[in-house]
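The numbers in the sequence shown follow the numbering used here, run straight up by one, and end at 1291. Just so it is clear, CB atoms sit at the ideal spot from N, CA and C, and this is done for glycine as well. Bear in mind the structure is a predicted one, so any value in this text is a computation, not a measurement.
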Amino acid sequence: MNLGLLLGNGESMEQLDQLQLVVAEVQAARQQVSSVRAQVQELEGTIAAVESQPDGLTLHRQMGGVLIEVADKEGLVSELRETLDSLRVHLERFSEREKQLIQTYDELKQSLQGAQE
């Protein structure tokens, strides 16, 4: 998002400040989306790994700085899936917020460009 194209005569400093704020918010939203998407992918991989673990082998889970043996594989998978579902909801919300901010950016940009003409 290039603000340099919008600089010229007659633009409201307030609109430019608002546009810069929206750009910063879009960037933050994109970082959040990227971070949560990575967490979702990591958790999906973890679930697949746990599910493919043979029944006779021991599973461990890290709690703080300690590894704890997991006796209930199905319970662990269920808990991981609940966490995954929650992350997906967060991802959807962050993605929607990102879309809204991009729309706001586009509207502000159009407004500033219209003021130049």
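For residue i, three-class secondary structure by DSSP
{"i": "Q1236", "result": "strand"}
{"i": "L1258", "result": "helix"}
{"i": "L1275", "result": "helix"}
{"i": "D1280", "result": "helix"}
Segment limits, alpha helix (DSSP H) that includes residue i
{"i": "D1191", "result": "M1187 to S1226"}
Inter-residue spacing [alpha-carbon to alpha-carbon] between residue i and residue j
{"i": "K1273", "j": "A1202", "result": "12 angstroms"}
{"i": "T1278", "j": "Q1192", "result": "10 angstroms"}
{"i": "V1240", "j": "E1270", "result": "37 angstroms"}
{"i": "Q1227", "j": "V1196", "result": "46 angstroms"}
In DSSP terms, what residue i is bridged to
{"i": "L1241", "result": "Q1236"}
With contact counted as at least three CB pairs below 8 angstroms, one residue from each stretch, are the segment 1224-1235 and the segment 1205-1215 in contact?
no
Using 8 angstroms as the Cβ pair cut-off and three pairs as the minimum, do the segment 1246-1254 and the segment 1189-1209 touch?
no
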